[in-house]
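These notes are about the structure you will find just below.
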Amino acid sequence: MEFKPLQWFFVLNSCEKDYSKSPYIQEYFSAISSFAFFVPYIIRILLLRRVSLPNGLIKMYYALILVGITSTIFHSRLSYLTQFIDMTSILVTQLIFAKIIDMKIPKTFEKLMMIFYVLSFVHPLPLSLNLVILFILFSRWTFSTVSRINMMKFTLIAGVSLILKLCALFCIPLDLICTGYEYFHGFWHIFIAAYCFTGLIGIELLLKSGHLKPKVVESKLL
């Protein structure tokens with residue numbers, strides 16, 4: 076099956092367009108930058124291997140490691156199958172995170188996400204729409220949590236994660252517009268990985284302070 080680039084403003088995998096212009100260096104950087112998704116979490120797991128954590132948080136660490144692996148494979152191969160696996164792993168990771176924070180997904184969004192996921196077997200674009208939906212819901216949850224608990228340390232972490240998120244989003248149009256500099260997708264990987272890491276640090280803080288109650292039993296990472 077011939078791989079065709081997605082031409083859409085919110086497309087998360089805009090690197091396919093760059094691939095036609097720079098088949099080696101750009102994708103090499105995108106593949107290497109995907110290490111940012113799993114290397115920090117492997118180190119984190121080793122540091123916390125004797126600490127008891129909620130199972131949901133443990134699943135999140137391993138899910139992000141999987142995202143890094145699938146992203147590296149996708150940017151190395153650039154096939155429809157590897158793209159589908161990569162984006163599915165991102166979707167599963169976000170759903171695990173939604174369960175950790177006990178975020179209620181509106182029924183309308185649940186139905187849309189199911190429809191989009193089925194359609195994504197034909198074309199990967201609907202899968203991107205699912206990621207956008209969850210992104211909006213997570214942003215709303217973050218702002219409501221900051222205003223509700225009024226904890227300075229969590230507010231600071233949330234602020235840093237918001238800046239990282241905005242930097243990542245800024246990379247998407249730059250990647251599409253600035254054709255002379257084809258590394259913005261790799262920078263997007265790095266900013267998103269840092270955003271996820273700070274977000275999980277914030278969740279750990281909420282769990283330790285008692286503002287967030289784990290719904291599952293605790294166990295050790297290793």
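Here our numbering is used: the sequence shown runs in plain steps of one and ends on residue 297. All C-beta atoms in this analysis are idealised placements derived from N, C-alpha and C, irrespective of residue type, glycine included. Bear in mind that the values here come from a model prediction, so they are computed numbers and not experimental data.
Q. CA-CA distance, F259 and A269?
A. Using only the alpha carbons, I get a separation of about 15 Å.
Q. Alpha carbon to alpha carbon, what distance is there between F191 and L281?
A. Within the model, the alpha-carbon separation for L281 versus F191 is close to 32 Å.
Q) Are I278 and L132 closer than 8 Å when you measure CB to CB? A) Inclusion of I278 and L132 in the CB contact set at 8 Å is warranted, their separation being smaller than that value.
Q. Would the stretch 158–171 and the stretch 195–208 be scored as touching if the rule is three or more Cβ pairs under 8 Å?
A. In this structure the stretch 158–171 touches the stretch 195–208; the number of beta carbon pairs closer than 8 Å is three or more.
Q. Considering only residues of the stretch 165–221, which uninterrupted alpha helix (DSSP H) runs meet the minimum length of 4 residues and lie entirely inside it, listed in chain order?
A. With a minimum length of 4 residues, the continuous alpha helix (DSSP H) runs that stay inside the stretch 165–221 are 182–194.
(Q) Looking at chain D, is there any beta carbon in it that lies within less than 8 Å of the beta carbon of L282? (A) As a matter of chain content, chain D is missing from the structure shown, which is built from one protein chain.
**Q.** Cβ neighbours of Y116 in the same chain (closer than 6 Å, five flanking residues each side left out)
**A.** Spatial neighbours of Y116 in its own chain (CB-CB distance under 6 Å, excluding positions within 5 residues in sequence) are listed in chain order as Y136, L139 and I140.
Q.
Here's the rule: buried if 16 or more other CB atoms are within 10 angstroms of the residue's CB, otherwise exposed. What is T183?
A. Around the beta carbon of T183, fewer than 16 other beta carbons lie within 10 angstroms, which makes this residue exposed.
**Q.** Per-residue burial, N88 [other beta carbons within 10 Å of its own, 16 or more giving buried]
**A.** Per-residue confidence for N88 stands at a pLDDT of 47, beneath the threshold of 50, marking its modelled position as unreliable; the derived number appears in the next sentence. Its Cβ being crowded by 16 or more others within 10 Å, N88 is buried.
Q. Could you give the residue range of the beta strand (DSSP E) that holds S127?
A. In the DSSP assignment, S127 falls within the unbroken beta strand (DSSP E) covering S127 to P129.
Q | Residue nearest to E102 in terms of C-alpha spacing, selected from A243, S154 and V221 | A | Closest in C-alpha terms to E102, from the list A243, S154 and V221, comes S154.
(Q) Applying the 10 Å Cβ sphere with the 16-neighbour rule, what's the burial state of L241? (A) By the neighbour-count rule (16 or more Cβ atoms within 10 Å), L241 is not buried but exposed.
Q: Quick one: residues in its chain with C-beta nearer than 7 Å to the C-beta of L237, no 5 flanking neighbours on either side, listed in chain order?
A: A distance below 7 Å between beta-carbons, with the five flanking residues on each side excluded, links L237 to no residue of its chain.
Q. Using a Cβ-Cβ cut-off of 8 Å (strictly less than) and excluding sequence neighbours within five positions of L206, which residues of its own chain qualify?
A. Scanning its chain for C-beta atoms nearer than 8 Å, with the 5 sequence neighbours on each side dropped, one finds around L206 the residues L87, M162, I165, L166 and Q169, in chain order.
**Q.** CA-to-CA distance, S127 to S214, given in whole angstroms
**A.** Those two C-alpha atoms are separated by around 28 Å.
Q.
Less than 8 Å between the C-beta atoms of F113 and G143, yes or no?
A. The answer is yes: Cβ separation under 8 Å.
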